[in-house]
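Engineer:
Next comes the structure, spelled out in structure tokens:
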């Protein structure tokens, strides 16, 4: 089982970090209002960054690291990720 760390852009422009084993299912949960409490009132959300991790432990550590970034650092990460998509 592979893990993913992700960033969502909420309707209000804020960024939410999370981790999961199934990105599409988790994104659907966030948009249905059954995901995180933070995203319930900020729907719809869009996936703007994703990063694979080998283990749950690695994913949780990376998620915490993303949450500790400033908004500007998160935006730079998202921009870099978007530029890398062919």
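Numbering (my numbering), first residue to last: 1335 to 1420.
Positions of the beta carbon are idealized from the N, C-alpha and C atoms, including for glycine.
Based on DSSP bridge pairs, tell me the residues matched to residue 1379.
Structural biologist: As a first step, residue 1379 is located in the chain shown; it is residue number 45 there, counting from the start. Answer by DSSP bridge pairing: none, since residue 1379 is not bridged.
Engineer: Flag this pair as yes or no: are the beta carbons of residue 1379 and residue 1364 separated by less than 8 Å?
Structural biologist: Position 45 of the chain shown, counted from the first residue, corresponds to residue 1379. Position 30 of the chain shown, counted from the first residue, corresponds to residue 1364. Contact flag set, yes.
Engineer: Of the residues 1340, 1376 and 1372, which one's Cα is nearest the Cα of residue 1359?
Structural biologist: As a position in the chain shown, residue 1359 is number 25, starting the count at 1. Of the listed residues, the one whose Cα sits closest to residue 1359 is 1340.
Engineer: If I follow the unbroken alpha helix (DSSP H) through residue 1393, where does it start and stop?
Structural biologist: As a working mapping, residue 1393 is identified with position 59 in the chain shown. Counting along the chain, the alpha helix (DSSP H) containing residue 1393 begins and ends at 1390 to 1402.
Engineer: Could you give the C-beta distance for residue 1406 and residue 1353, rounded to a whole number, given that I count them as a contact under 8 Å?
Structural biologist: In the chain shown, counting from the first residue as 1, residue 1406 sits at position 72. In the chain shown, counting from the first residue as 1, residue 1353 sits at position 19. In fact, because the Cβ distance is near 22 Å, the residues do not count as touching under 8 Å.
Engineer: If contacts are defined as beta-carbon pairs under 8 Å, then residue 1384 and residue 1357 qualify, I think. What distance do you get, rounded to the angstrom?
Structural biologist: Residue 1384 sits at position 50 when you count from the first residue of the chain shown. Residue 1357 sits at position 23 when you count from the first residue of the chain shown. Going by Cβ atoms, the distance from residue 1384 to residue 1357 rounds to 6 Å, so yes, they are a contact pair.
Engineer: For residue 1343, name the three-state secondary structure that DSSP assigns.
Structural biologist: As a first step, residue 1343 must be located in the chain shown, where it is residue number 9. Three-state result, residue 1343: strand.
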